[in-house]
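First up is the structure itself, then whatever we jot down about it.
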Amino acid sequence: MLDYMAGLPAFLGYFAIGLGAYGVFGLVYTTITPHREVELIRAGNMAAVTAFLGAILGFSLPLASAAANSVSVIDYIIWAAIAILAQLLAYYLANFTLKNLHEKITNGDVAAGLWGGGIALAVGILNAACMTY
0 MLDYMAGLPA FLGYFAIGLG AYGVFGLVYT TITPHREVEL IRAGNMAAVT
50 AFLGAILGFS LPLASAAANS VSVIDYIIWA AIAILAQLLA YYLANFTLKN
100 LHEKITNGDV AAGLWGGGIA LAVGILNAAC MTY
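Going by numbering that gives the first Met the number 0, the first residue of the sequence shown is number 0, and it counts up by one from there.
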């Protein structure tokens, strides 16, 4: 029975680091965006939900790829940090290509939320694919 559980410590370590990376990502992302995602989501703003969920999914894909392909915990942490940077780039790209993105999201413009979330997801897919070395 113990042979089946041999990978449990590694799993728990990677899982804990992943959860911590989500926390860091959420903190960094909500700090750099001018709109307040949590407040908007609690108020039922679908544009904010869509944009933020896209960013979380866009971060999740490379985080999962990093966990699957990393050669050590340090390697995993480094690639998680790179995934955070890629998602910040995605936000700035979405903001650059759709003027006044944060005002539109704050005002509940679902198309703006889909645009921001979609760009984040597309960048995350590319980022995850590039991490399969």
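Where is the CB? At the ideal position from N, CA and C, for every residue including glycine.
**Study point:** Length at least 4, wholly inside the region 14-83: the alpha helix (DSSP H) runs in chain order
**Key:** 36-41 and 45-68
Review point. When the Cα atoms are used, what is the spatial distance from G43 to G22?
Key: Within the sequence shown, numbered from 1, the residue matching residue 43 stands at position 44. Within the sequence shown, numbered from 1, the residue matching residue 22 stands at position 23. Cα to Cα, G43 sits roughly 22 angstroms from G22.
Review point. Going straight from the alpha carbon of S59 to that of Y90, what length do you get?
Key: Taking the first residue of the sequence shown as position 1, residue 59 is located at position 60. Taking the first residue of the sequence shown as position 1, residue 90 is located at position 91. About 15 angstroms.
Exercise for review: Compare the beta carbon distance of G112 and A50 with 7 angstroms and say whether it is the shorter of the two.
Suggested key: Mapped onto the sequence shown, residue 112 falls at position 113. Mapped onto the sequence shown, residue 50 falls at position 51. Contact: yes.
Check your understanding: Taking the C-alpha atoms as reference points, what is the distance between V72 and G25?
Key -> The residue given as residue 72 occupies position 73 in the sequence shown. The residue given as residue 25 occupies position 26 in the sequence shown. Distance between the alpha carbons of V72 and G25: 21 angstroms.
Check your understanding: When DSSP labels each residue in this structure, what does T131 get in the three-state scheme?
Key -> Sequence index remark: in the sequence shown, residue 131 carries index 132 (1-based). Coil.
**Study point:** Same chain, Cβ closer than 7 angstroms to A66, five either side skipped, listed in chain order
**Key:** On the sequence shown, position 67 is the one that residue 66 refers to. These residues qualify, in order along the chain: Y13, G17 and Y75.
**Study point:** Anticipated Cβ contact below 8 angstroms, I31 with L92, distance rounded
**Key:** On the sequence shown, residue 31 is found 32 positions in, with the first residue counted as 1. On the sequence shown, residue 92 is found 93 positions in, with the first residue counted as 1. With a Cβ gap of about 13 angstroms, I31 and L92 do not count as contacting.
**Study point:** 6 angstroms CB neighbourhood of A152 in its chain, flanking five on each side removed
**Key:** One cannot answer for residue 152 here, as it falls past the ends of the chain, which runs 0 to 132.
Check your understanding: For A5, does the three-state DSSP call read helix, strand or coil?
Key -> Locating residue 5 in the sequence shown gives position 6, where the first residue counts as 1. Here A5 sits in coil by DSSP.
Exercise for review: Would you kindly work out how many angstroms separate the C-alpha atoms of T29 and A47, rounded to a whole number?
Suggested key: As a working note, residue 29 is residue 30 in the sequence shown. As a working note, residue 47 is residue 48 in the sequence shown. Cα to Cα, the separation comes out at about 11 angstroms.
Review point. Looking at the structure shown, is L97 part of a helix, part of a strand, or coil, going by DSSP?
Key: As a first step, residue 97 must be located in the sequence shown, where it is residue number 98. Of the three classes helix, strand and coil, the one that applies to L97 here is coil, per DSSP.
Check your understanding: Do three or more CB pairs link the region 77-84 to the region 94-106 at distances below 8 angstroms?
Key -> no
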